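If you read the sequence shown in our numbering, its first letter stands for residue 464, the second for the next number, and so on. C-beta: ideal position from N, C-alpha, C; glycine also. Since we're looking at a predicted model, the values are computed, not measured.
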Amino acid sequence: LVVVMVFIRSLLVLVIALILLLALVGPLRSLILGAMVMVPRGRRASSPQRQDVEIPVTAFTLTTAGGQSVEVVLRGELRGGALHLGDSVEVWGRAVRAGWVQAKAVVNTVSGARTTTRQHPALTRSRIETIGGAIAVVFLGLVLLSLFQSCGPIQ
């Protein structure tokens, strides 16, 4: 009975290690899943091809009321009002250590026009997949921990 318990526990650890490896290594996961399904790589309908996403970047220099120059960067598609040379604006965003500002929105103080950015949907989907994967790994770890605790010590 002890030998069987040791074998089952060892096999369980091996299977869980393989599952974690497959979950964490994307290219390996796609190769193994593709081989299991036996579908040619180009014809797989279940996993859409990842596309390279180009993120538009709009950078400009802002002169503050004190006469200092600050680099401002807007990442993503611009939405709303257009920015023109000489506009008086308020910038909403966060200062980065390198001395530039990553803006979320720019508001023209004279006309009230607000310029914001829109992220590509693929970036949002990628972040959701990453967070979901991390949650799945933590959940799997908790399941493993409870499974090992329920087996009790091997004598």
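- Query: Which whole-angstrom value is the C-beta distance of residue 569 and residue 537, which I expect to be below 8 Å?
  - Reply: Confirmed, about 7 Å.
- Query: Around the C-beta of residue 593, are 16 or more other C-beta atoms found within 10 angstroms, so that it is buried, or is it exposed?
  - Reply: That one is exposed.
- Task: Would you decide whether residue 566 is buried or exposed? Buried here means 16 or more other CB atoms lie within 10 Å of its CB.
- Result: With a threshold of 16 other beta carbon atoms within 10 Å, residue 566 meets it and is buried.
- Message: Rounded to whole angstroms, what is the Cα-Cα separation between residue 527 and residue 548?
- Response: 14 Å
- Message: Using the Cβ count rule (16 or more neighbours within 10 Å means buried), how would you classify residue 516?
- Response: exposed
- Message: Under DSSP, the beta strand (DSSP E) around residue 553 begins and ends at which residues?
- Response: Note, residue 553: beta strand (DSSP E), 552-558.
- Item | 6 Å CB neighbourhood of residue 556 in its chain, flanking five on each side removed | 564, 565, 566, 567
- Reducing DSSP to helix, strand and coil, say where residue 467 ends up. helix
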